[in-house]
């Protein structure tokens, strides 16, 4: 009799422990899942612009570093182009939401103007950078630069209740002639755009 009571007590204790264990496993699984989601959001925010979802400067510096390694290995050159939206801050004064729409439209125009193998990033509030694949010849670069300019000239404003035109400036750098470091190449391209 005592053995059966002991067995019942042990069975009930194990069942309670199992239920408590399952409860905490599910609870911790939710916490871990939420942690992974938050971690992915942090990573995305660290490497991508939240408005345009383009790679940001930190991300593109890594990409350029890899591009430099490939160019060294294959004895190639590659070009970078900085695009500054020179009237961005005038738009931002009106409204941050309008400025976000403005830059989203600008990013779409830039993306539509370049080749699929080229990388477009937003390196600042008012600037983009295009990393051209190392096989782009300088003669062909002019074609792409003209497409970019044309994308902003054909429809010079965004469709909002305000009439806001895009004012852009382009600047280029070439690896290795203008620098052998990602940050230096970016800074020189931006500087050349502001000349």
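In full-length UniProt numbering, the protein residues as written are 1 to 195. Here a beta-carbon is modelled for each residue, glycine too, at the ideal position from N, C-alpha and C.
For this session: Evaluate contact between the region 139-152 and the region 160-178, counting only Cβ atoms and requiring at least three cross-stretch pairs below 8 Å.
Result: yes
Exercise. Taking residue 205 as the reference, which of 164, 21, 9 and 113 has the closest Cα?
Worked result: The question about residue 205 has no answer, for the chain in this structure spans 1 to 195.
For this session: Report yes or no: do the region 105-119 and the region 180-194 share at least 3 C-beta pairs separated by less than 8 Å?
Result: no
For this session: For the alpha helix (DSSP H) holding residue 149, just list the boundary residues, first then last.
Result: Within the chain shown, numbered from 1, the residue matching residue 149 stands at position 149. Here the alpha helix (DSSP H) through residue 149 covers 138-154.
Exercise. Among 78, 102 and 107, which has the Cα closest to the Cα of residue 133?
Worked result: For the purposes of this step, residue 133 is taken as the residue at position 133 of the chain shown. Out of 78, 102 and 107, 78 has the C-alpha closest to the C-alpha of residue 133.
Exercise. Is it true that the CB of residue 108 sits closer than 9 Å to the CB of residue 141?
Worked result: Counted from its first residue, the chain shown places residue 141 at position 141. Counted from its first residue, the chain shown places residue 108 at position 108. No, Cβ-Cβ distance for residue 141 and residue 108 is not below 9 Å.
Problem set entry | Span separating the alpha-carbon of residue 186 from that of residue 33 | Locating residue 186 in the chain shown gives position 186, where the first residue counts as 1. Locating residue 33 in the chain shown gives position 33, where the first residue counts as 1. Rounded to the nearest angstrom, the two C-alpha atoms are 37 Å apart.
For this session: Go ahead and pull the three-state DSSP assignment for residue 10.
Result: Counting from 1 along the chain shown, the entry for residue 10 is found at position 10. Residue state, collapsed to three classes: helix.
Exercise. Between which two residues does the alpha helix (DSSP H) carrying residue 108 extend?
Worked result: Translated into the one-based positions of the chain shown, residue 108 becomes position 108. 96-113 is the extent of the alpha helix (DSSP H) around residue 108.
Exercise. Of the choices 188, 194 and 176, whose alpha-carbon is the least far from that of residue 71?
Worked result: Within the chain shown, numbered from 1, the residue matching residue 71 stands at position 71. Answer by Cα proximity: 176.
For this session: Answer yes or no: do residue 82 and residue 129 have a C-beta to C-beta separation smaller than 9 Å?
Result: Here the question's residue 82 lines up with position 82 in the chain shown. Here the question's residue 129 lines up with position 129 in the chain shown. Result yes, Cβ atoms of residue 82 and residue 129 sit closer than 9 Å.
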